[in-house]
Each structure stands twice: as C-alpha cells, then as structure tokens.
Amino acid sequence: MDASFTYPEQNHEKSRKIRLIKQTCTEMNQQMEETKEKQERERKKLIAEEKHKEWVQKKNEEERKERQRKLKREMREKEIKQFEEIQSKEKAKEIYKEWLKKKNTEDLQKKKDEKEKEKLREAELQEKKEKSERMFKEWLQNSKNKPRPASAGYAYVNGKLATYPDGNAYPAPAFYNPIPWKPIPVPPPKEEKYVSVKKNKRPLSSHTHRSSSVLFQKSRSNIYLGSLHRLHK
Numbered sequence: 001m002d003a004s005f006t007y008p009e010q011n012h013e014k015s016r017k018i019r020l021i022k023q024t025c026t027e028m029n030q031q032m033e034e035t036k037e038k039q040e041r042e043r044k045k046l047i048a049e050e051k052h053k054e055w056v057q058k059k060n061e062e063e064r065k066e067r068q069r070k071l072k073r074e075m076r077e078k079e080i081k082q083f084e085e086i087q088s089k090e091k092a093k094e095i096y097k098e099w100l101k102k103k104n105t106e107d108l109q110k111k112k113d114e115k116e117k118e119k120l121r122e123a124e125l126q127e128k129k130e131k132s133e134r135m136f137k138e139w140l141q142n143s144k145n146k147p148r149p150a151s152a153g154y155a156y157v158n159g160k161l162a163t164y165p166d167g168n169a170y171p172a173p174a175f176y177n178p179i180p181w182k183p184i185p186v187p188p189p190k191e192e193k194y195v196s197v198k199k200n201k202r203p204l205s206s207h208t209h210r211s212s213s214v215l216f217q218k219s220r221s222n223i224y225l226g227s228l229h230r231l232h233k
C-alpha cells in the first residue's frame, strides 16, 4: 500500500485543523488589535488627563500669581493712600500750627496796641485834668488878685429908693441881655378864651412884658453875680 495515499477523512480533519488554527490566529490577532487599540485609547486618555491636569495646574498657578499681583497692587495702593493721608494730616497740622502761631501773634499785637491806646487815652485825660486844674488855679489866683467892684445895695428910705454900701449885697450886674424876655405863648382853652375876650377887651400893654422881662433878667444876674461873689470869697 502506497504511503502517500491518504483517506478522505484524514484530509477533512486536516483541513478542519488548519481552519481552526487560522481562526484561532485571526481571533488572536483581533484580540491583539483590540488590546492594542484599548491600550492606545488608555494611553491617549492618560495623556489627555495629564494635559488637562497640567492645564489646570498652569491655570491655577496663573490665577494664584494674578491674585498675588492684585494683592500686592492693593497693598501698594493702600500704603500710598495711607502715606498720602499721613502727609495731608502732617500738612494740615503744619498749616494749623502756622495759623495758630499767626493768630496768637496777631492777638498779642492787638492787646499790645490796645494797651498803648489805653495808655495814650489815660495820658491825654491826665494832661487835660492837670491843664484844667492849672487853669482853675490860675483863674482862682487872678480872681483873688483882681480888685472887687464897689458893693452896692438898694433899700427904701422914707419911701424912696436909695443905695447904701453892704458887704453881703451882690455888686451891680456887669452884663444884661438887651433882648427882652418873652414868655412862651400857651393858648387857653376855647371856652376861657371866649369868656376872656368878652370880659376884657383891652389889649395887654407892652409895659407888662417889659417889666416881667427886667425882673427875670435881674434875678438871673443876681444868681450869676452871687456865684461869682462866693468864688471871690
């Protein structure tokens, strides 16, 4: 029997094995491809996650740096503002000190000027007082040294007016007012005026006014001369 001869069953089995082997290889290759693809996806996912993580870290770092810059800027602005406030306060204090110093100086000068004016007023008053006293003393001295006018008195002797020397009598007046004194006219009530016109139709004579004015001038002259007489004493 030839050795190269094979039965159909054997060929079929061999083909089946070959198909199985091919199928197994195909499945293995497919699994390998799937595994490779899965690994690639995992790798890409890890890379993406890593990149996202780096981006988040970078963003957080930038935000942190921005916050720090903002905080530094705010602190700097606050320091500048505080410094300006301190400077303005110091300047205000200096201005107030200068104003207070100027005001105190003006007040002192004002008080000094007022004292000087008061001294001048007192000196003027004292000078006027001394001058008045000096003039009064001079007038008094001149009055003492001045000869007195002859004393004259008046009296009725035997029903006649006569003069006689009397030391207590006032001297004759040296001045009299030539204008006669006239009383202030006071209008009487209407009824009295009507009655008086009815009863007395005669006009008043100028002699009455003249005599009353002479008596008034004489009394005024006597008062004035009496004062001079007492000063002479």
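In UniProt numbering, the protein residues as written are 1 to 233. Glycine is no exception: its CB is placed at the ideal position from the N, C-alpha and C atoms.
Cβ neighbours of residue i in the same chain (closer than 6 Å, five flanking residues each side left out)
i, result
"Q126", "none"
"E138", "none"
"K14", "none"
"K72", "none"
Reduced DSSP secondary structure (H/G/I, E/B, other) of residue i
i, result
"W181", "coil"
"V186", "coil"
"Q10", "helix"
8 Å Cβ shell around residue i - same chain, five flanking residues per side excluded
i, result
"S196", "Only weak support is given to the placement of S196: the predicted model assigns it a pLDDT of 46, under 50, and the value that follows is read from those uncertain coordinates. Cβ within range, chain order: P188."
"M28", "none"
"K101", "none"
"C25", "none"
Close beta carbons around residue i, own chain, < 7 Å, minus the five adjacent residues each side
i, result
"E40", "none"
"K198", "With a pLDDT of 45 at K198, under the threshold of 50, the modelled position of this residue cannot be trusted; read the value that follows with caution. Cβ within range, chain order: n/a, list empty."
"K97", "none"
"R43", "none"
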